[in-house]
Amino acid sequence: MIDDIFVIDATVHPYNLSDANLMRGEDGQPTIPAYFLREMLWALHWRWAEPAAKLPREVFVTDWQAETLAWTMFGESHTDLAVNHRLRIDSVFNDGLCSHEKNLELAQRWPQRFINYAGVNPTVPVAEAIADLRRQVEEIPGTIGVKVYPNAGSPDNTWQMDSPEWEPFFALLPELGIKVVALHKVVANGMVPLKPFGIDDLEVVAVRHPELMFEIVHAGLPPFVEEVSMALMRLPNVFANLEITSALLQSGMGYIEDAVAQFIALGSPWKVIYSTGAMHFHPEPIVQAFANLTFSDRVLERYGIEQITKADKKLIMGENYARMIGLDIEKAKAAIAGDEFATAVEDNGVGEPWSFWRKNDPVWDGVQG
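So in our numbering, the last one in the sequence shown is 437, and the numbering has no gaps at all.
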């Protein structure tokens, strides 16, 4: 917690950015989409991470471990719970970028701390995707969400979620205990067309399925801010997930301040969900920045809103997500009290960024600084 705010990070994932995980062509070299997407992820980190929380490139382009994610989130930040997303960028990364095995490890070792989302590749036949989802839910009971991309990283194979053949997939989700569909939108995955990352198809499915909650992941980044704002205003089961947006906000990017203010003005603070995308960015600088956020006079005047309050931040940083999935925050507090992370923080304070990773992973051997 920070300033009496219970913090739920709605999107985290331990990537595998190692050379061995890049999809390769017939010549044995990484494909252009694989190489480019990894470079894009690196560039985002290097450009927007706080100086004290930047990773050396030789560490960034490795296979990040589940235990490192856990200690980064709960031993080195004021985060209380986190939602791990199984990723399926299958045309670019051999394991999709964040594997089922890591999701399973997080669920089994730290069930009091992690909420788990399955992941499906929507470019396969729908029956195959349904069977895959069933297997994941069987192996990780209590899975409450599913993460989906508009494509699997390939520029010539995209997916519209409102396609009629996919209706059985969404209709099945409540039967499997799935409450939330997290759609990667807005940010194109490297060298792929931008159009599939718009939200028109999401709106159609959200209207069809009021029993499901929908997260627009990466909401707040250009060029779809106005579209997202209107969806928040019109559709009660659609929420703005601030992954990556939050990292740019803590770096002082004025455009992002405008976007968050617009979401609040049109959708209300009840429709915005905090997330960091850790470990793409270290969570603690972002937690601190959001807890201390104030809107400029320019933004207040432009959007006709009042200054963001502590009550608003409580909603955005935890209560909205808890309400969306039916989580009792008081029970969650009791479940994490006295666990290994709470004990470590109580004894030693919040750790320095990447301190667990640096101490426990040989990928840091020989790294200076």
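Cβ atoms here follow ideal geometry from the backbone N, Cα and C, with glycine treated the same way.
Residue environment analysis places G406 among the exposed positions, since fewer than 16 neighbouring C-beta atoms fall within 10 angstroms of its C-beta. With contacts defined as CB atoms closer than 8 Å, L165 and F128 fail to qualify as a contacting pair. The beta carbons of V214 and L241 sit closer together than 8 Å. As computed with DSSP, G213 is found in a beta bridge with Y185 and V248. Taking a contact as a CB-CB distance under 8 Å, the pair L112 and I312 counts as one, their CB atoms being some 7 Å apart.
Two segments are said to touch when three or more pairs of C-beta atoms, one from each, lie closer than 8 Å; by this definition the segment 362-381 does not touch the segment 141-151. Annotated three-state conformation of N388 is helix, per DSSP. Put simply, the backbone Cα of L201 is about 11 Å away from that of I208. Assignment of A287 by DSSP, reduced to helix, strand and coil, places it in the coil class. N388 is positioned such that its CB atom lies no closer than 8 Å to that of I354. Taking 4 residues as the shortest admissible run, the segment 81-145 contains the following complete alpha helix (DSSP H) segments, listed from N- to C-terminal end: 100-116, 125-128 and 134-143. Residue range V306 to N309 is occupied by the beta strand (DSSP E) that includes F307, with no alpha helix (DSSP H) assigned at that position.
Bridge pairing for I341: N309 [DSSP]. Under the three-pair Cβ rule at 8 Å, the segment 251-259 counts as touching the segment 283-293. Secondary structure of H168 (DSSP, three-state): helix. Just measuring C-alpha positions, the residue of W116, M108, G394 and A359 sitting nearest A379 is A359. Nearest neighbour of M385 by Cα position, chosen from R106, P351, N225 and M229, turns out to be P351. Assignment of beta-bridge partners to L149 by DSSP yields I76.
The C-alpha of L310 is placed about 9 Å away from the C-alpha of T79.
Residue environment: E243 is assigned as exposed (fewer than 16 neighbouring CB atoms within 10 Å of its CB, all protein chains considered). Selection I76, V248, A199 and M321 evaluated against T344 yields I76 as nearest (Cα-Cα).
Counting along the chain, the unbroken alpha helix (DSSP H) around G335 starts and ends at G322 to G335. Distance from the CA atom of R181 to the CA atom of R426, rounded to whole angstroms, is 22 Å. The continuous alpha helix (DSSP H) containing D269 extends over residues D268 to R276.
Spanning the alpha carbons of G322 and W116 requires a straight line of approximately 13 Å. Between A134 and P82, the beta carbon gap of about 6 Å places them in contact (Cβ cut-off 8 Å). Where Q356 is concerned, the enclosing alpha helix (DSSP H) starts and stops at P351 to A359. Linking L174 to V306 through their CA atoms gives a straight-line distance of about 27 Å.
Looking at the backbone, the Cα of P119 and that of V275 are separated by about 43 Å. Our two residues, Q204 and G210, have alpha carbons roughly 10 Å apart in a direct line. Counting the other CB atoms within 10 Å of its CB gives N189 a total of 16 or more, which places it among the buried residues.
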